[in-house]
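S.K.:
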Amino acid sequence: MTGAPDEVAVRSLMKRYFDGLYHSDSTVLRSVFHDDLTYVNGTIGTYEHMGLEAYMTRIDARTPPATRGDPREEVIERVVFKGDQIGLVEARMTMMGRNYQDLLTLINTEDGWRVLTKVFSIVERKE
36 MTGAPDEVAV RSLMKRYFDG LYHSDSTVLR SVFHDDLTYV NGTIGTYEHM
86 GLEAYMTRID ARTPPATRGD PREEVIERVV FKGDQIGLVE ARMTMMGRNY
136 QDLLTLINTE DGWRVLTKVF SIVERKE
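For the sequence shown, the numbering used here gives the first residue as 36, with consecutive numbering after it.
Below, the structure written as structure tokens:
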């Protein structure tokens, strides 16, 4: 069963995930995502599905929230491992004026833990 080293590795992965999104850095994000990534926006009325290359194209076209000085907040709510090869992260992030709720499935590869699926929804902020 997985233990502390895997937890440390996944938390490091999540730091790169949050940083890559905030800085719109596809190079960093490619170190987080599996080549077979499935990206799903499950927000009501905005369903989208794409693979890694389409998502990285979107990231590269985005104005990085960091350059605008957007406030940022991230929370890892839960990390769960099912054996040595798969896991799940429940997280949330606030950036670009929105609250994102993520469910990320993980797979342990020869290159370490990677996000295989990113399913998320956007909850508009209430100021």
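Ideal placement from N, C-alpha and C gives every residue a C-beta, glycine not left out.
Considering residue 85, what are the terminal residues of the alpha helix (DSSP H) in which it resides?
M.R.: First-last for residue 85: 83 to 86, but that is the beta strand (DSSP E), not the alpha helix (DSSP H).
S.K.: Measuring alpha carbon to alpha carbon, tell me which of 39, 41, 53 and 47 ends up nearest residue 153.
M.R.: Considering only alpha carbons, the answer is 53.
S.K.: Tell me, to the nearest whole angstrom, how far the beta carbon of residue 124 is from that of residue 72; I am working on the premise that it is less than 8 Å.
M.R.: At roughly 14 Å, the Cβ-Cβ gap does not stay under 8 Å, so residue 124 and residue 72 are not in contact.
S.K.: Give the DSSP-derived three-state secondary structure of residue 158 in the structure shown.
M.R.: strand
S.K.: Taking 9 Å as the cut-off, decide whether the C-beta atoms of residue 111 and residue 133 are in contact.
M.R.: no
S.K.: For the candidate residues 108, 102 and 120, whose alpha-carbon lies nearest to that of residue 142?
M.R.: 120
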